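S.K.: Structure provided below as structure tokens; questions to follow.
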Amino acid sequence: MKVAQGFLLSVLAFGIVGSGVAYSATELTLDDNVPGQANAAKDISVMGWMRRSEHIGDAANVFFTITNNSRDAHLITGVSSPDCRSIVAHHSEQESTSHTADLLSHFALPPKIPLVFPVGGYHLVCQGMSSDVAVGTKVPLTFTFLGGTSLTVQFEVRQTPPSTSP
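In our numbering, the protein residues as written are 320 to 485.
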């Protein structure tokens, strides 16, 4: 039994480190060579704006329309900004969960269909936004796609409407 276990371990070890046949973990996790994904950043258009949250002082809500103009489906793998500590997804009328927050870490964009993230629905929240970001300035958001490409879009900060609560 020990001989068989030793043999199996030897074969496994050789397969991992020997003769260049096995792949390293880095090679297995790279997504920069996915068929149909090389032009994701060129295929996708984003238009939108943002405003400070009425309820959270260092947050801003991001509303936008994103369109995949190609014949291939694309996948958003992340959204980031130097002006935001983090960016999460949120729905105005639903309880937020970790699954909702991470929505745009694996979000499919079907071909030729605009997707709208409106006021009152699903949208992004820029958390930890500096108080130096004023109305009228633009905040860059970078959308990263499967395949490794990215698209940076400038979002204008608009005035938050007056509170309607008593």
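Built from N, CA and C at the ideal position, the CB exists for glycine as well.
Quick caveat, the model's predicted, so the values are computed rather than measured.
#1: Could you please give me the residues that DSSP links to residue 442 through a beta bridge?
#2: Do residue 473 and residue 459 count as a contact pair if the criterion is CB distance below 9 angstroms?
#3: Could you spell out the range, first to last residue, of the alpha helix (DSSP H) harbouring residue 379?
#4: Alpha carbon to alpha carbon, how far is residue 429 from residue 464? Give it in angstroms, no decimals.
#5: Taking the C-alpha atoms as reference points, what is the distance between residue 403 and residue 393?
#6: Here's a check: name, in chain order, each residue in its chain whose Cβ is nearer than 8 angstroms to the Cβ of residue 438, leaving out the five neighbours to either side.
#7: Shortest alpha-carbon distance to residue 360 belongs to which of 395, 371, 424, 377?
#8: From residue 425 to residue 356, what distance separates their C-alpha atoms?
#9: Here's the rule I'm using: 16 or more other beta-carbon atoms within 10 Å means buried, otherwise exposed. How should residue 390 be labelled?
M.R.: This is what the structure gives:
#1: 409
#2: yes
#3: Note, residue 379: premise wrong, no alpha helix (DSSP H); beta strand (DSSP E) at 378 to 387.
#4: 13 angstroms
#5: Residue 403 and residue 393 have their alpha carbons spaced roughly 24 angstroms apart.
#6: 380, 382, 411
#7: 395
#8: 14 angstroms
#9: With fewer than 16 other Cβ atoms from the protein chains shown falling within 10 Å of its own Cβ, residue 390 counts as exposed.
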